[in-house]
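Here is the structure we will look at, set down as structure tokens.
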Amino acid sequence: IGRAGRQTRVARGATSRAAIKVAIKRRDLDALLAQAPANAPAPATESAAAEPAAFSLPTGINAVIDIAIDAISYRGGLIDNTKFAGELANGEFSIKQISAQLPGGAAVSAAGALTSVEGKPQVAGAIEAKADNLRALLDWLQVAPAGVPAERLRTLAVTSRFTAGSDLLELADLDLKLDNSNITGGVRVALPKAPQQKMGFGVGLAIDQLNVDSYMPPAGAAAEPAPTPAGGGLPLDSLKPLADLDANVEL
211 IGRAGRQTRV ARGATSRAAI KVAIKRRDLD ALLAQAPANA PAPATESAAA EPAAFSLPTG
271 INAVIDIAID AISYRGGLID NTKFAGELAN GEFSIKQISA QLPGGAAVSA AGALTSVEGK
331 PQVAGAIEAK ADNLRALLDW LQVAPAGVPA ERLRTLAVTS RFTAGSDLLE LADLDLKLDN
391 SNITGGVRVA LPKAPQQKMG FGVGLAIDQL NVDSYMPPAG AAAEPAPTPA GGGLPLDSLK
451 PLADLDANVE L
């Protein structure tokens, strides 16, 4: 699996202090995932689910965490120079750095803070990512879209502020460069919660240029026919799922 070094220091007083530093040479993530036990099904119960306890971070301890992994093997590729540095203080966990280098000449880094907002966890911060060979990155992640010409999905660069909570996902000050296109703006997703049962989307984006045809399959490529609903159906039946969404889109 690889060698690891670890240092831990703890000091007690009115406020407990701890420092943890871990350095790992190499980890085989595929092997670790293969050893993970399958999740057992949850037992059936007739009683209503208990209300989850309010989330909070301890205020009586200051802790510093520094983790570095030189190489992680995963799906036949390497994740290099993975780093995580954070500090717990005054009931807030500051994410000083989380970064890694990925296949396809890609790199990602983020910083922010984990806090309690109305008794629920929320992470807010900033993220930056790039890929010099986006197609190689997508192939490694096994999410490469079929039919897109080889000269497209080559480069990506993105910066954004983000907020993520139990009922909210938001990207703000988004600046995304995909191939020759530049996209700026923001996206907000409100997840269902009582009494609001619908998912809501708010999208405000500005695109300087986008050649949609250049991302389409080559002319003459066979396209699969759309499935015909059983029993016929009305022409707009396929749009029924949109009734469960509230959306505000501005381009």
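The number in the working numbering is simply the position in the sequence shown, starting from 1, with 210 added. We put the CB at the ideal spot given by N, CA and C, even for glycine.
For residue i, list the residues DSSP reports as bridge partners.
{"i": "E293", "result": "Note on identity: in this sequence residue 293 is Lys, with Glu being the wrong assignment. In DSSP, K293 forms a bridge with A278, S309."}
{"i": "R236", "result": "A281"}
{"i": "S226", "result": "I271"}
{"i": "P331", "result": "S326"}
{"i": "V358", "result": "According to DSSP, which records beta bridges pairwise, V358 is partnered with nothing at all."}
{"i": "V422", "result": "DSSP lists no partner for V422."}
What distance in whole Å lies between the Cβ atoms of residue j and residue i, which are believed to be in contact at a cut-off of 8 Å?
{"i": "A339", "j": "V368", "result": "5 Å"}
{"i": "T365", "j": "L384", "result": "With a Cβ gap of about 17 Å, T365 and L384 do not count as contacting."}
{"i": "F294", "j": "I277", "result": "4 Å"}
{"i": "L324", "j": "I305", "result": "7 Å"}
Quick check: what's the CA-CA separation for residue i versus residue j?
{"i": "K231", "j": "I417", "result": "44 Å"}
{"i": "P428", "j": "L363", "result": "15 Å"}
{"i": "G212", "j": "A233", "result": "Bear in mind that a pLDDT of 48 at G212, under 50, signals an unreliable position, so the model cannot answer this."}
{"i": "G329", "j": "E302", "result": "13 Å"}
{"i": "G192", "j": "K235", "result": "A question about residue 192 goes unanswered here, because the residues of the chain that appear run from 211 up to 461."}
{"i": "G315", "j": "G270", "result": "42 Å"}
Let's test the definition: count the other Cβ atoms within 10 Å of the Cβ of residue i and tell me whether it reaches 16, buried, or not, exposed.
{"i": "L401", "result": "exposed"}
{"i": "P355", "result": "exposed"}
{"i": "P313", "result": "buried"}
{"i": "L381", "result": "buried"}
{"i": "R285", "result": "exposed"}
{"i": "S226", "result": "exposed"}
{"i": "Q245", "result": "exposed"}
For the candidate residues the options, whose alpha-carbon lies nearest to that of residue i?
{"i": "G375", "options": "V399, L347, G301, I277", "result": "V399"}
{"i": "L347", "options": "V318, S424, A336", "result": "V318"}
{"i": "V459", "options": "Y425, G414, E380", "result": "G414"}
{"i": "A310", "options": "D377, F303, A320, G301", "result": "A320"}
{"i": "N291", "options": "A299, A281, L298", "result": "A281"}
{"i": "S424", "options": "T394, G410, D389", "result": "D389"}
Is it the case that the CB of residue i approaches a heavy atom of the ligand MN more closely than 7 Å?
{"i": "L388", "result": "Ligands in the displayed structure: none, and consequently the ligand MN is not present."}
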